[in-house]
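Only one structure is covered here, and it is reproduced in the block below.
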Amino acid sequence: MDSLRKLLNLAIVMLAVAGIVAGQNPVRDYRRAHERQILDEFTRLLSIPNIASDRENIRRNSQFILEMMQRRGLHPQLLEAKSKDTPPAVYGEWKIAGATQSVILYAHYDGQPVDVKAWTASPPFKPTWRSGRFDLGGKIVELPIPLTSPTGITSMPDAVWIDPEWRIYARGASDDKAGVMGILTAFDALKAQGATPSFNIKFLFEGEEEAGSPHLGEIIDLHKELLQSDAWIICDGPVHQSGRKEVVFGARGDQNVDVTVYGPKRPLHSGHYGNWAPNPAMVLAHLLASMKDESGRVTIAGWYEGVEPLGDAERRAIAEAPAYDDQIRAELGLAKTEGNGKPLMEMINQPSLNINGISSGDVGALARNVIPTTATTVLDLRLVKGNDYKKQFEHLIDHIKGQGFLVIDHEPGDAERQEHALIAKVTARAGGYNAERTPMDLPISVAVINAVQLTSKDPIVKLPTSGGSLPLSIITSRLQTVTISVPIANYDNNQHAENENLRLQNLWDGIETLAAVMMMKRN
Ligand SMILES: [Zn+2]
1 MDSLRKLLNL AIVMLAVAGI VAGQNPVRDY RRAHERQILD EFTRLLSIPN IASDRENIRR
61 NSQFILEMMQ RRGLHPQLLE AKSKDTPPAV YGEWKIAGAT QSVILYAHYD GQPVDVKAWT
121 ASPPFKPTWR SGRFDLGGKI VELPIPLTSP TGITSMPDAV WIDPEWRIYA RGASDDKAGV
181 MGILTAFDAL KAQGATPSFN IKFLFEGEEE AGSPHLGEII DLHKELLQSD AWIICDGPVH
241 QSGRKEVVFG ARGDQNVDVT VYGPKRPLHS GHYGNWAPNP AMVLAHLLAS MKDESGRVTI
301 AGWYEGVEPL GDAERRAIAE APAYDDQIRA ELGLAKTEGN GKPLMEMINQ PSLNINGISS
361 GDVGALARNV IPTTATTVLD LRLVKGNDYK KQFEHLIDHI KGQGFLVIDH EPGDAERQEH
421 ALIAKVTARA GGYNAERTPM DLPISVAVIN AVQLTSKDPI VKLPTSGGSL PLSIITSRLQ
481 TVTISVPIAN YDNNQHAENE NLRLQNLWDG IETLAAVMMM KRN
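Here the numbering used here is used: the first residue of the sequence shown is 1, the next is one more, and so on.
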């Protein structure tokens with residue numbers, strides 16, 4: 001009996017606390033009252049296939065988002081590149097009387113291509129709710145009550161509770177239609193309470209980020225005045241692995257490189273010629289092994305040259321970030337990591353060299369006793385502030401030459417083959433770019449940090465750079481502005497892969513985060 005009374009008391013206290021919190025958090029209140037509406041609109045957005053090369057459907061997406069913004073009175077327009085056959089960006093604005101500064105909230109509505117067969121949790125464009133993570137047993141669930149009754153009356157029962165651990169599976173659920181939905185819902189919540197930001201708020205939703213943003217620069221050049229602002233807030237990517245909210249001040253640059261080395265001109269019987277004809281797979285293995293030492297440090301001369309050291313604010317932020325390396329190591333089955341045990345956060349502030357894949361001959365059912373003719377690899381050069389993607393490529397070429405190779409950019413001819421024992425064809429893929437990093441102690445940086453912190457009881461994570469890459473220099477090289485990333489998706493969202501998903505609580509938290517950023521105080 002006593003324990004029952006205690007429980008009842010506890011319940012009353014909890015309800016009181018919840019009441020206080022509810023009263024103080026109009027954005028959350030708005031969301032709670034409109035969950036079904038929000039999810040209904042989100043589901044419809046996710047149902048439109050969004051691969052950038054699928055021009056017809058990508059147009060449907062841009063039109064849908066245009067209408068979402070029209071309904072909200074954001075005066076949207078499609079920003080087209082010169083060639084009208086490219087995915088347009090959707091732009092809108094919330095003009096604030098008397099505001100002299102502005103921020104742009106950016107997200108992208110296109111997604112990575114899909115391998116439909118691999119999507120086991122849901123078809124990629126048939127958004128499906130599950131009670132939790134699919135690979136951990138999450139079952140298909142339905143949202144509790146239809147939004148619109150058969151008589152056409154829209155019902156919004158506020159007693160209906162949707163489990164925030166539910167996840168919606170669809171391409172773009174987290175990367176990055178969650179950004180579009182989070183931003184526009186944050187606007188709704190602020191508008192409903194009559195809030196007045198101190199910045200003009202602009203919105204930009206890009207339609208070909210996953211294709212490498214080939215026209216973003218052109219779109220910016222054509223609409224410079226519209227797109228000029230004091231900061232671009234990039235809402236893309238996952239929050240910290242610890243689940244804490246996160247603000248990221250940069251992204252690594254990237255350059256992909258193809259390397260092919262050569263063996264005999266035709267495949268040879270490995271018994272008749274093995275030990276005599278050089279094997280290109282072995283040659284490539286030696287070459288690649290020469291590029292990194294045992295600890296994972298790149299041994300290519302000049303690789304770390306020019307890397308801009310982190311400032312005090314950046315180093316402090318890394319030290320304050322929650323330690324989760326052990327957890328991730330265990331999750332991934334890694335007994336040892338590169339960098340002599342240095343934390344991941346520190347290592348992503350260094351340029352890297354990764355082998356994306358290697359191919360030579362066949363394995364599995366197709367394996368044969370042959371000496372293959374070529375061995376190929378794709379290298380992924382991640383860059384940090386201070387690196388130059390063209391120079392990094394040159395360092396790589398110099399290193400390969402230093403290993404005794406003739407480096408060429410074409411298939412070798414007979415004369416070249418006869419003269420050179422070692423030949424490597426090395427070509428840089430199009431689309432390389434440099435890293436970007438906004439200082440964490442700028443007034444606008446501090447304003448964003450403070451705004452996001454206000455929405456979280458845990459200390460937020462501040463990162464000088466993300467490990468991944470974004471072509472942020474496309475923006476900063478054209479406009480007098482800085483970029484700051486405020487991601488909202490769950491870290492285990494399978495972005496870019498099959499079964500991409502968004503955890504509902506992350507969308508709910510993200511709405512509050514983005515509303516706070518829109519309401520941040522000018523310094
Ligand atoms: Zn993205």
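Don't be surprised by glycine CBs; every beta carbon is placed ideally from N, CA and C.
With a CB to CB cut of under 6 angstroms and the five nearest residues on each side skipped, what residues in its chain are close to Cys-472? Residue identity check: residue 472 is Leu in the sequence provided, not Cys. Within the same chain, Leu-472 has close Cβ partners Ala-251, Glu-436 and Thr-483.
Grab the span of the alpha helix (DSSP H) containing Thr-513 for me, first residue to last. 504-518
Environment of Asp-176 [buried if 16+ CB atoms lie within 10 Å]: buried
Between the beta-carbon of Met-68 and the beta-carbon of Leu-184, is there less than 8 angstroms? yes
Around the C-beta of Val-116, are 16 or more other C-beta atoms found within 10 angstroms, so that it is buried, or is it exposed? exposed
Lys-521, DSSP secondary structure in three states: coil
Compute the minimum distance between the beta carbon of Gly-271 and the heavy atoms of ligand 1, and state whether it is under 7 angstroms. no
Classify Gly-510 as buried or exposed, calling it buried when 16 or more other Cβ atoms lie within 10 Å of its own Cβ. buried
Among residues of its own chain, excluding the 5 on either side of Gly-19, which ones have a beta-carbon nearer than 8 angstroms to its beta-carbon? Only weak support exists for where Gly-19 lies, its pLDDT of 42 falling under 50; the value from the coordinates is given anyway. Contacts found: none.
Which residues in the same chain as Ala-329 place their Cβ atom closer than 7 angstroms to its Cβ, once the five residues preceding and following it in sequence are excluded? According to the sequence shown, residue 329 is Arg rather than Ala. Thr-337.
Do Gly-386 and Gly-306 have their C-beta atoms closer together than 8 angstroms? yes
With burial defined as no fewer than 16 other Cβ atoms inside 10 Å of the residue's Cβ, what is the status of Val-239: buried or exposed? buried
Are three or more beta carbon pairs between the region 193-203 and the region 412-420 nearer than 8 angstroms? no
Could you please give me the residues that DSSP links to Ala-375 through a beta bridge? Val-261
Are the beta-carbon atoms of Val-426 and Ile-400 separated by less than 8 angstroms? yes
With 16 other Cβ atoms within 10 Å as the buried cut-off, status of Ser-83: exposed
Can we count Gly-286 as close to ligand 1, meaning its CB is less than 7 angstroms from some heavy atom? In the sequence on display, residue 286 carries His and not Gly. No - ligand 1 has no heavy atom lying nearer than 7 angstroms to the Cβ of His-286.
Between which two residues does the beta strand (DSSP E) holding Tyr-273 run? Not the beta strand (DSSP E): Tyr-273 falls in the alpha helix (DSSP H), residues 270-273.
Tell me whether Gly-212 counts as near ligand 1, meaning its Cβ is closer than 7 angstroms to at least one heavy atom of that ligand. no
Between the region 92-104 and the region 196-208, are three or more C-beta pairs nearer than 8 angstroms? yes
May I have the straight-line CA-CA distance separating His-395 from Arg-297, to the nearest angstrom? 15 angstroms
Quick one: complete beta strand (DSSP E) runs, 3+ long, within the region 322-395? 352-359 and 374-383
Could you give the DSSP three-state label for His-108: helix, strand or coil? strand
Using 7 angstroms as the cut-off, classify the Cβ of Gly-237 as near or not near the heavy atoms of ligand 1, replying yes or no. yes
Alpha-carbon to alpha-carbon, Arg-382 and Tyr-389: 9 angstroms
Are there three or more Cβ pairs, one per stretch, closer than 8 angstroms when the region 35-52 is compared with the region 162-177? yes
Cβ pair Ala-375, Leu-268 closer than 8 angstroms: no
Quick one: grab the DSSP three-state call for Val-27. helix
Taking one C-beta from the region 241-258 and one from the region 446-464 each time, how about it: are there three or more such pairs within less than 8 angstroms? yes
At a cut of 8 angstroms, does the region 252-268 reach the region 503-520 through at least three beta carbon pairs? no
Looking only at its own chain, which residues have a Cβ that is under 7 angstroms from the Cβ of Ile-65, when we skip the five neighbours before and after it? Val-90, Tyr-109, Val-180 and Phe-205
Quick one: Cα of Leu-502 to Cα of Gln-37, how far? 17 angstroms
Please list, in chain order, all residues of the same chain as Ala-107 whose beta carbon is under 7 angstroms from its beta carbon, the five residues on each side excluded. Asp-176, Gly-179, Val-180, Ile-183, Phe-205, Cys-235 and Asp-236
For Asp-398, verify whether its CB is less than 7 angstroms away from any heavy atom of ligand 1. no
Pick helix, strand or coil for Asn-450, following the three-state DSSP scheme. helix
Tell me the residue span of the beta strand (DSSP E) that contains Pro-310. Per the sequence shown, residue 310 should be read as Leu rather than Pro. Careful: Leu-310 lies outside any beta strand (DSSP E) and carries neither H nor E.
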